[in-house]
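Right, one structure below, let's go through it.
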Ligand SMILES: Cc1cc2nc3c(=O)[nH]c(=O)nc-3n(C[C@H](O)[C@H](O)[C@H](O)COP(=O)(O)OP(=O)(O)OC[C@H]3O[C@@H](n4cnc5c(N)ncnc54)[C@H](O)[C@@H]3O)c2cc1C
Ligand code: SF4
C-alpha cells in the first residue's frame, strides 16, 4: 500500500484545473464521492480489473496543507467551511468533509463493526436478508481490518484516554480501547485537523491510492450535478469542474458508465443529487428517514491533576451503554473548539482554557430515535431538518449523567455540562441530578457527524429507495453505496460499516 | 461574499469585546492583538452565501442588541468592557433560544481566531506540528496562514 509519498501526485489523479475544456471520459463504473464508501468501492472494483472513474467534488489535500489552526482546517477540508446546520426546534451543526477521502481525512479513525442486533433489525424490519448477513459483513471486515491496519489504540498513545479507562475499570463498566485505522500513531491528538504524521490511514492515503495503482482514475474538483438516465438505466453523469482560478469558467465532464453508476456522496449529498437529477423514487423516500448520532460534550475539571489533555490518540477509549442507546467517548479538541464548547466567555472561559491540561472532555454519542429529512432546493440552500424527540433528550441527559459519574469517580472536582438552565458547573452527582431542567432540544449544544438513512434499503419498493442489491428500485444500474442506504442508525461509529457495506455491493456487482 | 472594511472593522470591535485584555494574568494577549478585520473578510469569503448572510445578520443584530434587550440606544461596541461581558453573559443564558444562539455565533467567531493564534496556542499548552510560527519568529514577509487559501 502506498502510504509514504504524496499520493496526490499520482499520474491517475486529474485535478479539475488540468482540464481546459468540456470533456468526456468513460469506464465500467463511475463512482461519485471518494469518502469511506466511494474509496472502498473504487478499491474493490479496480482491484478486480474493472475500469473505474472516481469523481470527487473537493480538492486533494494532504499533510502539506494541514494546519494546527482550526479555521484554516475548516475552510480547506470541511464542506461549506463547517457551516452546515441541521435545523428543527434547535440548530445542530453537522460536519462533513469535502476533499479526497471525504470525512475520513479528519475523523478520529474509530473503527467498529456493525453490531449484530443492528443487522438483525435490518433483516427483520426491512427484508434485506437475501443479500446482507452478519457473516458476509464480518468476512468483509476481516479484509478491511487487515488492509487498513485496524487495531486497538496502543497504550503508549492512550494519553488523556487513560482517565476514562481507569474509571471504567474501577466501576466495572463496559469499556473498550478504541480500534483505529492507523499505522504509527504518535498521539498528536490532531485527527480533526488531518493527521500531520500520515499515520491515520484515511482514504486519501489508503484505498484511493490502491485504486489508482490498480488503474482507476480520479477527477478532483469535479462536482456531479446530474445523473443521466436513458430507458430506465443510468448511463452517464455530468460533473461541473471547478475553475482553475477564482472567477474562472467551469467546464463540464461527462463520465459514461458502461456497467453502472455508484453514488457514494454521503447521506446528505446523495439524496440531494438524486432529487436534483429528477430521480425521486416512487415511494417518495429519497431524503426521508434521516437519522444521526448527535454528540454532546461533558467536561470534567480537576485543578489538582494534569490530564495532559492535548496528548494522545484523539479518541482512544469508550464506555458503551448499548441498551440505553448511548456511549461515552474520550476526545481531545484543539483550543478553538475547546473554547467554543466551553460555556460562557470572559474570565471563566480564559481560565478554563488556560487550565486546559486540567480538563477532560468527553463526548456522548447518542443513538437518537428521531427521523429528519434532507431536501435539495433549486435556489435556496438545502433543507436539512432534524429535531430530537423527547426520548432522545432523555438519552442525551442519561449520557451526560453517566459521563459525570465517571468524571467524579476519577476525582474531578466539578463537571461542566453546557446544558442550558444548569449551573455553570456542578460539584457532585446529587447537585447534577437536582439541577436537571425540563429538557427541550434547545437545552443541548449537540453536533452531528454520523449520518444515515436518506435513501434507505429495503425489499419493499413502497417503503425504500434501493433494493437489497444496492440498486435503486426505480433506475437500473444506479447503485447507492454510502450510509444513505442504512435502514437505521447503529449506535457505533459508521466508517467501518460503510466500507463493509460498500464492499458487499461490489462483491455482488462482481458476481462473487 | 465580500464585506466592506467598515463592516469588518465593527465585527473586529465586537470580538474585542468578547475577548478583552486583562482576563487572566497568564494571558498577555486579547483580541486586540490580532487581525480580526482580515479574519472577518476571510470568513465571509469562504462561507457559502447563505451562511455569510446569516453571519452578517447575527453580527448586526448583536451590535444593536443593547437597543433591543436593555432599551438603551447604544451599540454593543460602545458599551464599557464590564457591561459588554455582563450583557453577553445575560444573552448567552437568555431563555430565548435564538438569542442564545446569536451569542454563541459571536463567540464562535471570536474564539476561532483568538485560540487559533500560535502564540495563544503555545500559552495554553498546545504545541503541535503544522503550527504557524509565533509573532516574534515570523520573517518580515510572512503571510499568516489564517487568511487566504492554501495552494
Ligand atoms: C469530525 C468527524 C469525526 C468522525 N469520526 C469518526 C470515527 O472516528 N469513526 C467513524 O466510524 N466515523 C467517524 N465519522 C463519520 C465518518 O467519517 C463518516 O460516516 C464517513 O466518512 C462517511 O462516509 P461517506 O463515504 O458516506 O461520506 P464522506 O466520507 O463524507 O465522503 C463523501 C464524499 O463525497 C463527495 N461528494 C459529495 N457530493 C458530491 C458530488 N455531487 N460530486 C462529487 N463528489 C461529491 C464529498 O466531497 C466527500 O468527499 C466522523 C465524522 C466527522 C465529521
Ligand atoms: S492521534 Fe495524531 S498521530 Fe494519531 S492518527 Fe490522530 S492525528 Fe495522527
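Residue numbers (this note's numbering), protein chains in the order written: chain A, 7 to 518; chain B, 47 to 197.
Virtual Cβ for every residue (Gly too), placed ideally from N, Cα, C.
Proximal residues to residue 439 of chain A (C-beta, below 8 Å), its chain only, five neighbours per side dropped: Position 433 of the first chain, counted from the start, is the residue given in the question as residue 439 of chain A. Closer than 8 Å at Cβ, skipping near neighbours: 407.
Classify residue 142 of chain B: buried if its beta carbon has 16 or more other beta carbons within 10 angstroms, exposed otherwise. In the second chain, the residue the question calls residue 142 of chain B occupies position 96. Exposed, since its Cβ has fewer than 16 Cβ neighbours within 10 Å.
Ligand 1 heavy atom lying under 6 Å from the CB of residue 298 of chain A: In the first chain, counting from the first residue as 1, residue 298 of chain A sits at position 292. The beta carbon of residue 298 of chain A sits no closer than 6 Å to any heavy atom of ligand 1.
Would a check of beta-carbon distances place residue 351 of chain A closer than 7 Å to chain B? Here the question's residue 351 of chain A lines up with position 345 in the first chain. Yes, its Cβ sits closer than 7 Å to a Cβ of chain B.
Taking DSSP as the reference, what is the three-state secondary structure of residue 208 of chain A? Along the first chain, read from residue 1 onward, the residue named residue 208 of chain A stands at position 202. Note: residue 208 of chain A maps to coil in three-state DSSP.
Environment of residue 50 of chain B [buried if 16+ CB atoms lie within 10 Å]: Against the second chain, residue 50 of chain B aligns to sequence position 4. Result: exposed.
Which of the three DSSP states, helix, strand or coil, is assigned to residue 100 of chain A? Start at 1 with the first residue of the first chain, and residue 100 of chain A comes out as number 94. Residue 100 of chain A falls in the strand class under three-state DSSP.
Residues that residue 97 of chain B contacts on chain A, provided the C-beta gap is smaller than 7 Å: Counting from 1 along the second chain, the entry for residue 97 of chain B is found at position 51. Those within 7 Å of residue 97 of chain B in chain A are 86, 89.
If we count the other Cβ atoms within 10 Å of its Cβ and call it buried at 16 or more, is residue 39 of chain A buried or exposed? The count along the first chain starts at 1 and reaches residue 39 of chain A at position 33. By the neighbour-count rule (16 or more Cβ atoms within 10 Å), residue 39 of chain A is buried.
Per the DSSP calculation, residue 335 of chain A is bridged to which residue(s)? Within the first chain, numbered from 1, the residue matching residue 335 of chain A stands at position 329. When DSSP reads this structure, residue 335 of chain A sits in a beta bridge with A:324, A:369.
Residues whose Cβ lies closer than 5 Å to any heavy atom of ligand 2, in chain order: With the cut-off at 5 Å, the residues found are A:188, A:191, A:192, A:194, A:196, A:197, A:201, A:203, A:205, A:206, A:319, A:320.
What's the call for residue 132 of chain B, buried or exposed, on a 16-neighbour Cβ count within 10 Å? Here residue 132 of chain B refers to the residue found at position 86 of the second chain. Exposed: under 16 other Cβ atoms inside 10 Å.
Every unbroken alpha helix (DSSP H) inside the segment 27-107 of chain A [4 residues or more]: The segment 27-107 of chain A contains these whole alpha helix (DSSP H) runs: 42-52, 76-83.
Along the chain, which unbroken stretches of the beta strand (DSSP E) at least 3 residues long are found entirely within the segment 465-504 of chain A? 484-486
So residue 491 of chain A packs on residue 479 of chain A, CB below 8 Å; how close in whole Å? As a working note, residue 491 of chain A is residue 485 in the first chain. As a working note, residue 479 of chain A is residue 473 in the first chain. With 8 Å as the limit, residue 491 of chain A and residue 479 of chain A do not qualify as a contact, their Cβ atoms being about 12 Å apart.
Are the Cβ atoms of residue 372 of chain A and residue 300 of chain A separated by less than 7 Å? Along the first chain, read from residue 1 onward, the residue named residue 372 of chain A stands at position 366. Along the first chain, read from residue 1 onward, the residue named residue 300 of chain A stands at position 294. When the beta-carbon positions are compared, residue 372 of chain A and residue 300 of chain A come within less than 7 Å of each other.
Just the Cα atoms here: how many angstroms apart are residue 520 of chain A and residue 397 of chain A? Outside the displayed span of chain A (7 to 518) sits residue 520 of chain A, for which this structure offers no information.
Within the present structure, is the beta-carbon of residue 125 of chain B separated from the nearest heavy atom of ligand 1 by less than 6 Å? Locating residue 125 of chain B in the second chain gives position 79, counting from the first residue. Flag unset: Cβ of residue 125 of chain B not near ligand 1.
Closer than 7 Å at the beta carbon, the chain B residues around residue 218 of chain A: Reading the first chain from its first residue, position 212 is the one you call residue 218 of chain A. Going along chain B, no residue has its Cβ under 7 Å from residue 218 of chain A, so there is no contact; the nearest lies around 20 Å.
By Cβ distance below 6 Å, which residues in the same chain neighbour residue 62 of chain B in space, the five residues on each side in sequence not counted? Within the second chain, residue 62 of chain B is the residue found at index 16, counting from 1. The answer, listed in chain order, is 77, 78.
Apart from the five residues just before and just after residue 392 of chain A, which ones in its own chain have a Cβ nearer than 7 Å to its Cβ? Within the first chain, residue 392 of chain A is the residue found at index 386, counting from 1. The answer, listed in chain order, is 92, 94, 98, 296, 298, 376, 378.
With a cut-off of 8 Å, do at least 3 Cβ pairs link the segment 64-83 of chain B to the segment 151-165 of chain B? With the cut-off at 8 Å, the segment 64-83 of chain B and the segment 151-165 of chain B touch.
To the nearest angstrom, how far is it from the Cα of residue 22 of chain A to the Cα of residue 56 of chain A? Here residue 22 of chain A refers to the residue found at position 16 of the first chain. Here residue 56 of chain A refers to the residue found at position 50 of the first chain. Taking the straight line joining both Cα atoms gives about 23 Å.
Is it a yes or a no for the segment 309-319 of chain A touching the segment 153-168 of chain A, going by three-plus beta-carbon pairs under 8 Å? yes
What does the alpha-carbon distance come out to for the pair residue 5 of chain A and residue 64 of chain B? Residue 5 of chain A lies beyond the stretch modelled for chain A, which goes from 7 to 518, so this question has no answer here.
Other residues of its chain near residue 26 of chain A: CB distance less than 8 Å, five sequence neighbours each side excluded: Taking the first chain and counting its residues from 1, one reaches residue 26 of chain A at position 20. Excluding residues within five positions, the ones whose Cβ falls inside 8 Å are 257.
Taking the straight line between their C-alpha atoms, what separation do you get for residue 436 of chain A and residue 413 of chain A? Taking the first residue of the first chain as 1, we reach residue 436 of chain A at position 430. Taking the first residue of the first chain as 1, we reach residue 413 of chain A at position 407. C-alpha of residue 436 of chain A to C-alpha of residue 413 of chain A: approximately 14 Å in a straight line.
Are the segment 460-474 of chain A and the segment 486-504 of chain A touching, with three or more C-beta to C-beta distances below 8 Å? yes
Step through the CB atoms of chain A and report whether any lies within less than 7 Å of the CB of residue 177 of chain B. Stepping through the second chain from its first residue, residue 177 of chain B is reached at position 131. It does: the Cβ of residue 177 of chain B has a partner Cβ on chain A nearer than 7 Å.
Across which residues does DSSP place residue 52 of chain B in a beta bridge pair? Residue numbering aside, residue 52 of chain B sits at position 6 when the second chain is read from its first letter. Partner(s): none; residue 52 of chain B has no beta bridge.
Buried or exposed: which applies to residue 14 of chain A, given that a residue is buried once 16 or more other Cβ atoms fall within 10 Å of its Cβ? Against the first chain, residue 14 of chain A aligns to sequence position 8. Classification for residue 14 of chain A: buried.
With a threshold of 16 other CB atoms inside 10 Å of the CB of residue 312 of chain A, please say whether the residue is buried or exposed. Walking along the first chain from the start, residue 312 of chain A turns up at place 306. Burial is judged here by how many other beta carbons sit within 10 angstroms of a residue's own beta carbon; residue 312 of chain A has fewer than 16 and is exposed.
With 7 Å set as the bound, which would you pick, yes or no: does the beta-carbon of residue 333 of chain A sit closer than that to a beta-carbon of chain B? Within the first chain, the letter at position 327 stands for residue 333 of chain A. Chain B, which has no Cβ nearer than 7 Å to the Cβ of residue 333 of chain A, makes this no.
For residue 63 of chain B and chain A, any beta-carbon pair shorter than 7 Å? Working through the second chain from its first residue, we reach residue 63 of chain B at position 17. No, residue 63 of chain B lies away from the interface with chain A (no Cβ there is under 7 Å from its Cβ).
Between residue 360 of chain A and chain B, is any beta-carbon pair separated by less than 7 Å? As a working mapping, residue 360 of chain A is identified with position 354 in the first chain. Answer yes: the Cβ-Cβ gap between residue 360 of chain A and chain B drops below 7 Å somewhere.
Can the beta-carbon of residue 20 of chain A be found closer than 7 Å to that of residue 225 of chain A? For the purposes of this step, residue 20 of chain A is taken as residue 14 along the first chain, with counting starting at 1. For the purposes of this step, residue 225 of chain A is taken as residue 219 along the first chain, with counting starting at 1. Yes, these two residues count as a Cβ contact at 7 Å.
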